[in-house]
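Novice: Counting in our numbering, the sequence shown runs from 621 upward without gaps. We put the beta carbon where it would ideally sit given N, CA and C, even for glycine.
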Amino acid sequence: MSIVIPCYDEAATIPRLAPALDASIAQLAALGHAAEVIVIDDGSRDDSFARLSAAAATRPWLRVVRLRRNYGQTAAMSAGFERARGAVIVPMDADLQNDPADIPRLLAKLDEGFDVVSGWRKDRKDASLTRRLPSRIANFIIGRVSGLPLHDYGCTLKAYRREVLESVRLYGEMHRFIPIHAKWAGARIGELVVTHHARTEGQSKYGLGRTLRVLLDLLTVKFLGDYSTKPLYLFGKWGVLLCALGVASGITTLVQKFLDPESYAHRNPLLLLAVMLFVVGIQLLGMGLLAELQVRTYHESQQKSTYLVAEEVNRPCVESQDSSPATPDRPPATPSTRSAG
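1. Nearest to Ala676 by alpha carbon, out of Leu648, Leu637, Ala695 and Ala699?
2. If I'm right that Arg752 touches Gly774 with Cβ under 8 Å, what's the distance once you round it to whole angstroms?
3. With Leu716 and His817 assumed to form a contact (beta carbons below 8 Å), what rounded beta-carbon distance in angstroms separates them?
4. Which residues mark the beginning and the end of the beta strand (DSSP E) in which Asp661 is found?
5. Pairing CB atoms from the segment 715-733 with CB atoms from the segment 632-647, are three or more of them under 8 Å?
6. Quick check on the burial criterion: 16 or more other C-beta atoms within 10 angstroms. Buried or exposed for Tyr628?
7. If you follow the alpha helix (DSSP H) that Pro639 is in, where does it begin and where does it stop?
8. For Lys593, report the span of its beta strand (DSSP E) as first-last.
9. Cα separation between Ile660 and Pro851?
10. Taking all protein chains shown into account, decide if Lys803 is buried (16 or more other Cβ within 10 angstroms of its Cβ) or exposed.
11. Let me know the secondary structure DSSP gives His816 once reduced to three states.
12. Have a look at Thr820, Met794, Leu785 and Glu793 and flag the residue whose alpha-carbon is nearest the alpha-carbon of Gly616.
13. Residues in the same chain with beta-carbon distance under 8 Å from Leu891, minus the five sequence neighbours each way, listed in chain order, please.
14. For Glu811, name the three-state secondary structure that DSSP assigns.
15. Whose CA, out of Lys778, Trp740, Arg782 and Met794, lies closest to the CA of Asp772?
16. According to DSSP, is Tyr967 part of a helix, a strand, or is it coil?
17. Apart from the five residues just before and just after Gly663, which ones in its own chain have a Cβ nearer than 6 Å to its Cβ?
18. Going by the beta-carbon positions, is the gap between Pro626 and Ala714 smaller than 8 Å?
19. So who's on the other strand from Pro851, going by DSSP bridges?
20. What separation, rounded to the nearest whole angstrom, lies between the Cα atoms of Ser668 and Glu630?
21. Return the CA-CA distance between Arg744 and Ser766, expressed in angstroms with no decimal places.
22. With the cut-off set at 8 Å, would you say Ile709 and Arg782 are in Cβ contact?
23. Note down the Cα distance separating Glu912 from Val900, rounded to an integer number of angstroms.
24. Would you report the Cα separation of Pro769 and Val684, rounded to the nearest angstrom?
25. Given a threshold of 16 other Cβ atoms within 10 Å of its Cβ, counted over all protein chains shown, does Thr917 qualify as buried or as exposed?
26. Residues in the same chain with beta-carbon distance under 6 Å from Gly700, minus the five sequence neighbours each way, listed in chain order, please.
27. Between Val814 and Thr849, what straight-line distance do the alpha-carbon atoms span, to the nearest angstrom?
28. Starting from Arg782 and walking both ways along the alpha helix (DSSP H), at which residues does that stretch end?
29. So, helix, strand or coil for Ser622, using DSSP?
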């Protein structure tokens with residue numbers, strides 16, 4: 621298994637982080653789990669990389685990767701996922717508010733048949749007004765919009781089976797939405813109460829300003845989940861609705877003119893509304909058609925499938941295209957493997 625730890629300006633915490641990881645690695649080894657730890661230094665401005673390098677010198681299971689600048693937690697986590705070699709990947713924070721001792725419990729929960737186990741900081745040791753309240757509101761909104769009602773999307777400590785992450789590409793603050801991507805792929809999602817410690821060194825990198833970014837990313841996730849392969853359904857229904865409202869406004873203008881011949885149709889605000897609604901509706905329909913072209917170009921240029929296969933029974937491994945014997949003018953047939961998609 622692989623433990624992935626994004627790290628940014630945590631030099632004060634690293635002297636405690638390394639021994640905590642020692643204990644966790646020993647605990648996992650006793651349970652029969654070989655583990656590696658990948659720490660991503662996300663462009664720290666303090667001595668984090670030097671201290672991590674010193675810790676890695678005596679710990680062969682510890683791998684340290686330093687990014688050229690600060691790209692953010694999602695990018696750092698993605699860098700760790702790409703380098704992880706374990707069948708199970710567990711991300712956690714470097715500030716030790718997550719407890720490495722909870723990792724075996726996550727693995728045990730994973731063995732119950734889940735593909736993702738999400739940590740839940742039920743007894744969270746953070747400020748109520750600036751951290752816990754916005755988090756509860758965001759979790760409620762994300763759960764209602766996504767249809768996956770987890771208590772704590774923001775908890776970094778989670779356990780993923782490797783195959784769940786292989787098709788996930790992370791942007792913005794998308795790391796917290798990985799369980800939603802996994803749910804779309806048919807993964808089984810579990811939740812486990814984990815320990816949460818108060819921060820004792822350094823400063824938190826999170827604030828109220830992050831809440832807006834998370835909500836904007838949620839809008840992106842909702843769009844990608846519902847309309848990534850059929851954008852015309854979204855733009856088209858609103859375009860047709862606006863066109864219909866424009867036609868209705870135009871008809872109302874004509875009816876008013878017919879009932880009152882002395883009125884001036886060009887002074888009727890409904891005429892302007894009719895034109896505006898109809899034009900905007902046509903624009904939305906055009907945007908939907910352009911988005912359909914882009915979706916098809918995206919999938920076909922990369923030969924990217926629009927579906928994921930869970931399993932297949934009696935799949936042929938090698939199938940000969942031609943069983944006729946080879947001749948000087950006819951080379952042997954090249955065997956081909958049938959793709960499962």
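Specialist: On the basis of the supplied data:
1. Leu637
2. Not a contact, Cβ separation roughly 10 Å.
3. 6 Å
4. Glu656 to Asp661
5. yes
6. buried
7. Ile634 to Ala650
8. Residue coverage of the chain in this structure runs from 621 to 961, which leaves residue 593 outside it and unanswerable.
9. 36 Å
10. buried
11. strand
12. Residue 616 is absent from the model: the chain starts at 621 and stops at 961.
13. Ser869, Gly870, Thr873 and Ala885
14. strand
15. Trp740
16. With the chain represented from 621 up to 961, any question about residue 967 goes unanswered, as that position is not in the structure.
17. Leu687, Arg689 and Asn690
18. yes
19. Looking at the DSSP assignment, Pro851 forms no beta bridge with any residue, so it has no partner.
20. 6 Å
21. 24 Å
22. yes
23. 18 Å
24. 35 Å
25. exposed
26. Val624, Ile658 and Ile660
27. 37 Å
28. Arg782 to Leu785
29. strand
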